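See below for the structure under consideration.
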Amino acid sequence: MKLGQEAYFTTDRRSRICDVIDEKITIGKAVQWSTTDGMRAVKPFTTGTFAGVVMHTDDNDKGIIENPTTASILQSGNIVVKVAENVAKGDKAGVKNTGEFVKAATGTAIKGYFETTAKSGELAVLVLEGII
Numbered sequence: 170m171k172l173g174q175e176a177y178f179t180t181d182r183r184s185r186i187c188d189v190i191d192e193k194i195t196i197g198k199a200v201q202w203s204t205t206d207g208m209r210a211v212k213p214f215t216t217g218t219f220a221g222v223v224m225h226t227d228d229n230d231k232g233i234i235e236n237p238t239t240a241s242i243l244q245s246g247n248i249v250v251k252v253a254e255n256v257a258k259g260d261k262a263g264v265k266n267t268g269e270f271v272k273a274a275t276g277t278a279i280k281g282y283f284e285t286t287a288k289s290g291e292l293a294v295l296v297l298e299g300i301i
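The numbering of the sequence shown is the numbering used here, which starts it at 170 and goes up by one.
Take a look at the structure:
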């Protein structure tokens, strides 16, 4: 499994191509809507409105998407993420102001849960149930 990659195929997958205009974004991390360009552009998550998770692409081996360009953002479905604390299967998901994934009680709660158990710094499967 690769960071930012879908863990398995699902029929309820929803992703969106968004502009990256403000700064670099990291594959597998959370992003928020840009304050300068509405729901068309994304930037790294800090304290804004969660927009989804940056997806891995086969042509990107650096793990960074630099502006100006576009990126695929997963908004519903499953994706491999790195967790910043120990999580257990079934834990509600949250995101820290660094874009890292944690339990909902530790960060900003998002609509999703962890499908696998992982220790801090390891990869886990995050199931997103939409962004609204």
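Ideal Cβ positions, reconstructed from N, Cα and C, are used throughout, including at glycine.
Bear in mind the structure is a predicted one, so any value in this text is a computation, not a measurement.
With H, G and I counted as helix, E and B as strand and the rest as coil, what does DSSP make of residue i?
| i | result |
| --- | --- |
| Arg-209 | helix |
| Gln-174 | coil |
| Gly-217 | coil |
| Gly-263 | strand |
| Thr-238 | strand |
What whole-angstrom Cβ distance do residue i and residue j have, given they're in contact under 8 Å?
| i | j | result |
| --- | --- | --- |
| Gly-299 | Ile-248 | With 8 Å as the limit, Gly-299 and Ile-248 do not qualify as a contact, their Cβ atoms being about 13 Å apart. |
Taking the alpha-carbon positions, what's the residue i to residue j distance?
| i | j | result |
| --- | --- | --- |
| Lys-198 | Gln-244 | 12 Å |
| Asn-266 | Val-200 | 10 Å |
| Ala-257 | Ala-210 | 32 Å |
How should residue i be labelled, buried or exposed, when 16 other C-beta atoms within 10 angstroms of its C-beta is the threshold for buried?
| i | result |
| --- | --- |
| Thr-277 | buried |
| Ile-242 | buried |
| Ile-196 | buried |
| Gly-263 | buried |
| Ala-293 | buried |
Between the stretch 280-288 and the stretch 233-242, are three or more C-beta pairs nearer than 8 Å? The stretch 233-242 and the stretch 280-288 do not touch, with fewer than three beta-carbon pairs separated by less than 8 Å.
* To do: Please determine if the stretch 267-281 and the stretch 238-258 are in contact, where contact requires at least 3 C-beta pairs separated by less than 8 Å.
  => A contact exists between the stretch 267-281 and the stretch 238-258.
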